[in-house]
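Which chain is which? The protein sequence lines are G and H, in order.
So the first sequence is numbered by the working numbering: it starts at -7 and just counts up by one.
So the second sequence is numbered by the working numbering: it starts at 20 and just counts up by one.
Below you'll find the structure, written out as structure tokens, and then a few comments.
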Amino acid sequence: MVTDASSGTRAAAASAGTGRPARYSPNEMMAVVAARELRNGEIVFVGIGLPNLACNLARATHAPDLVLIYESGAIGAVPERLPVSIGDPSLVTGSLMVCGMADVFQYLLQNGRIEVGFLGAAQVDRWGNINTTVVGDYAHPTVRLPGSGGAAEIATHARRTIVVARLSRRAFPASVDFVTSPGQRYHGTARSKPALPGAGPVKVITDRGVLEPDATGELVLTAVYPDVTAAEIASDVGWPLRFRDPIETLDPPTDADLALLRERLDPDKLFLKG
Amino acid sequence: MSRHDDPVHQRPAHRRPDVPASGSKVMSMRDAITSFVHDGDTVVIEGFTHLICFAAGHEIIRQGRRGLVLCRLTPDLVYDQMIGAGCARKLVFSWAGNPGAGSLHAFRRAVEGPAGDSARGLEIEEYSHFGMVARLAAGAAGLPFWPMRDYAGTDLPAANPHIASVTCPYTGETLATVPALNPDVTIIHAQRADAEGNTQIWGLLGVQKEAAFASRHVIVVAEELVDERVIRADPNRTLVPGFIVGAVVHEPWGAHPSYAQGYYDRDNAFYVTWERISRDPAQLATYLDRYVMGVPDRAAYLAAMPDLADRLRAGNRTCAGVNYGY
């Protein structure tokens, strides 16, 4: 059942409003929630930034047999330091295979070998379309973002795609300024095979809750983090956000998660700032 | 539309007749750039994070090349510097960020803001990574285009009219297509090469092989110049054979601040610093004056940063090798 979040129904967060200092940061919670999405043994195409951290957290905890694939050509990477970029040399050392990028995009991604794609996003809209290209008009942008990289084909081909993005009205507009990577619906048309073989974005993990597409492809709120209300999330989303009832409240990071993130995986806070 | 950006009228790849098929092609970086990179050329300096030949980019800046069509999946700092130095007319790319560190601000200044802004002036042609890979694969294979299952439900084809489609004659499926890219010159950095240009790399392979085979001319820049016997002892590691190579430049640390697996690590501190340098046109100009225009060659650039070896020299993770006997 889906309800209108703006009706004022609050999430059942037992510790809401206690005023205690936060034990963890929003980015740490995002990384932990994202890591929990990955099942042991899955083949994951890893994007740059927080997705990279989440995949390495999963590998260090419940999913030691996760197969990490980077668009740079590292297959089965086991980085001994946090890769600063997706072309980091630590992705090569000890990996199962290194191949050219023509092989990565054709034999692995286009041929349906990737189970999970993991993407960051500057903007995500009501239908899960992702923008990493421009803010404003394409020809005369207000802000020029990096562009697709491999994101367009990851969201096309991975059997399911998980998106990580921080909530704000600017980041979650009703429709994005530019569709870089395909979501569930484009100009009213639902995604379908064979042009779009994968399921597309099936979860959008934010810094306060999780959105998932409903049967029509519209993103609805399905889970909130401790001390967060559905109404406050709805106020940061650019469309009338609906939510699934009952809404789930997710567990906070464990002490072990936090210790791993802070001491081993990202000691220099490259991706955990904020 | 000039011949450079009209993909359907690009000349097929061929070797320039004055390039010998065999014999030493070793020359200085200055001579290699003078011989093979000309104003208005379509230029590829490839290497995905790994083996990006900054030494060549800097020499192109020093020689004052203008009107270049620069193609790369990730323009990276090397093209941001060349854009900042005024070498580029057009950028063909798929991800224009500072990997792991932020933005490419010379690039952004050249494309952001209202029409008529004096800082603007860089033409762009944008793909996804797969699109760029496919363009080079078509160029390397001698085909006019490459089919792919991509771009449905995205705004990329609307932003770039070169992204088209074709109906599969066997299944009836509509497939996206991208045109072949056949650069005038491709520059690849490698761990080692012999004097004829037989070139070996290991670690991330990027699209250097496709770029080299797609290109009319190839410059190889190597950390080590080795005897042909070293190449022949391990032929599976060879990326390109010497007969497609026009020039071989021996340039240790020529990829810094990028990296060469087994030789030196990426200078991440410099990538982070570039965020600050490139944000301010005056700081960017000061950087180029000091480290590019202010030095005659790569050796002088390295001499200006004597701590590089201490900070970045690679640790030892040697593999055992294989038996090629029969």
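For each residue, glycine too, the CB sits at the ideal point set by N, CA and C.
Since the model is a prediction, treat every value here as computed from it, not as a measurement.
Taken through DSSP and simplified to helix, strand or coil, residue 210 (chain G) comes out as coil. For residue 161 (chain G), the closest alpha carbon among the candidates G:236, G:50, G:102, G:228 is that of G:228. In terms of CA proximity to residue 149 (chain G), G:99 leads the group G:99, G:131, G:136, G:139.
In terms of CA proximity to residue 38 (chain G), G:155 leads the group G:199, G:253, G:155. Contact between residue 109 (chain G) and residue 87 (chain G) is absent: CB atoms are separated by about 19 Å, not below the 8 Å threshold. In this model, residue 190 (chain G) and residue 127 (chain G) are separated by some 27 Å (Cα to Cα). In this structure, the straight-line span from the alpha carbon of residue 248 (chain H) to that of residue 18 (chain G) is close to 56 Å. Rounded to whole angstroms, residue 116 (chain H) and residue 94 (chain H) show a C-alpha spacing of 8 Å.
Annotation: the continuous beta strand (DSSP E) that includes residue 237 (chain H) extends over 236 to 244.
For residue 165 (chain G), no chain H residue has a C-beta closer than 7 Å to its own C-beta; the minimum C-beta separation is roughly 14 Å. Contact between residue 96 (chain H) and residue 293 (chain H) holds, since their C-beta atoms are separated by about 5 Å, short of 8 Å.
As DSSP reads the structure, residue 165 (chain H) sits in a beta bridge with H:197. For residue 176 (chain G), the closest of G:158, G:212, G:200, G:141 by C-alpha to C-alpha distance is G:212. Chain order gives the chain G residues near residue 174 (chain H) as 125, 130, 170, 171, 172, where near means a beta carbon separation below 8 Å. The residues 19, 23, 41, 42, 44, 45, 74, in chain order, have a CB closer than 8 Å to that of residue 263 (chain G) in the same chain once the five nearest residues on each side in sequence are set aside. The Cβ atoms of residue 283 (chain H) and residue 224 (chain H) do not sit closer than 7 Å to each other.
For residue 47 (chain G), the enclosing alpha helix (DSSP H) stretches over residues 42 to 52. With contact defined as three or more Cβ pairs closer than 8 Å, the stretch 145 to 164 of chain H and the stretch 196 to 203 of chain H are in contact. The C-alpha of residue 227 (chain H) lies about 6 Å from the C-alpha of residue 65 (chain H). Contact annotation: residue 123 (chain G) and residue 164 (chain G) have beta-carbon atoms that are not nearer than 7 Å. In chain order, 127, 128 place their CB closer than 7 Å to the CB of residue 134 (chain G), counting only its own chain and leaving out the 5 sequence neighbours on each side.
Secondary-structure assignment with DSSP links residue 69 (chain H) through a beta bridge to H:278. The C-alpha of residue 70 (chain G) lies about 9 Å from the C-alpha of residue 59 (chain G).
At the C-beta level, residue 242 (chain G) and residue 52 (chain G) stay beyond 7 Å of one another. According to DSSP, residue 115 (chain G) shares a beta bridge with G:123.
Only those residues of the stretch 63 to 96 of chain H whose C-beta falls short of 8 Å from the nearest C-beta of chain G are listed: 67, 68, 69, 92, 93. Counting only the Cα atoms, residue 248 (chain G) lies some 53 Å from residue 246 (chain H). The three-state secondary structure of residue 176 (chain G), taken from DSSP, is coil.
For residue 121 (chain G), same chain residues with a beta-carbon under 6 Å away, outside a window of 5 residues either side, are 168, 171, 175 in chain order. When 7 Å is used as the limit between beta carbons, residue 149 (chain H) is near these residues of chain G: 97, 142, 145, in chain order. Contacts with chain H at 7 Å (Cβ-Cβ) do not include residue 21 (chain G). Taking a beta-carbon distance threshold of 7 Å, residue 210 (chain H) does not count as an interface residue toward chain G. Chain H places a beta carbon closer than 7 Å to that of residue 76 (chain G), counting this residue as a contact. The C-beta of residue 151 (chain H) has 16 or more other C-beta atoms within 10 Å across all chains shown, which makes the residue buried.
When the beta-carbon positions are compared, residue 96 (chain G) and residue 90 (chain G) stay at least 7 Å from each other. The continuous alpha helix (DSSP H) containing residue 154 (chain H) extends over residues 148 to 160.
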